[in-house]
Amino acid sequence: MIDSTVVEHSGKTVKYTYWALGEPNGSGNGTCTAFVRYGWAWVDIVCSYLDHVVCEHD
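In structure tokens:
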């Protein structure tokens, strides 16, 4: 995430977002994005946070 803009690893801007209410809020200098379990809305998190991940395969 760059200045509240979600980007792919390639640097392309993500066209669809689904931020949770009040997000992104920069909490803990979050520069990565995670899904909230209930409702699957997005929140910003610190990239060093360890949890399950969603991956994309071409």
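Start counting the sequence shown at 1; every next residue gets the next number (the UniProt record's numbering). Where a beta carbon is used, it is the ideal one built from N, C-alpha and C, also for glycine.
Whose C-alpha, out of the options, is nearest the C-alpha of residue i?
i: Tyr16; options: Arg37, Thr31, Ala41 and Asn25; result: Ala41
i: Cys47; options: Glu8, Ala20 and Thr33; result: Thr33
For residue i, would you say it is in contact with chain C, using Cβ-to-Cβ distances shorter than 7 Å as the test?
i: Val43; result: You won't find chain C in this structure, because it holds only one protein chain.
Just to check my reading of the structure: residue i and residue j have Cβ atoms closer than 8 Å, yes? What is that Cβ distance to the nearest angstrom?
i: residue 60; j: Ser27; result: One cannot answer for residue 60 here, as it falls past the ends of the chain, which runs 1 to 58.
i: Val14; j: Glu23; result: Actually they do not touch by this definition, with Cβ atoms about 14 Å apart.
i: Cys36; j: Ala20; result: Looking at the sequence shown, residue 36 is not Cys but Val. About 6 Å separates the two Cβ atoms, so the contact holds.
Per DSSP, which residues does residue i bridge with? Please list them.
i: Asp44; result: Thr33
i: Val7; result: Thr13
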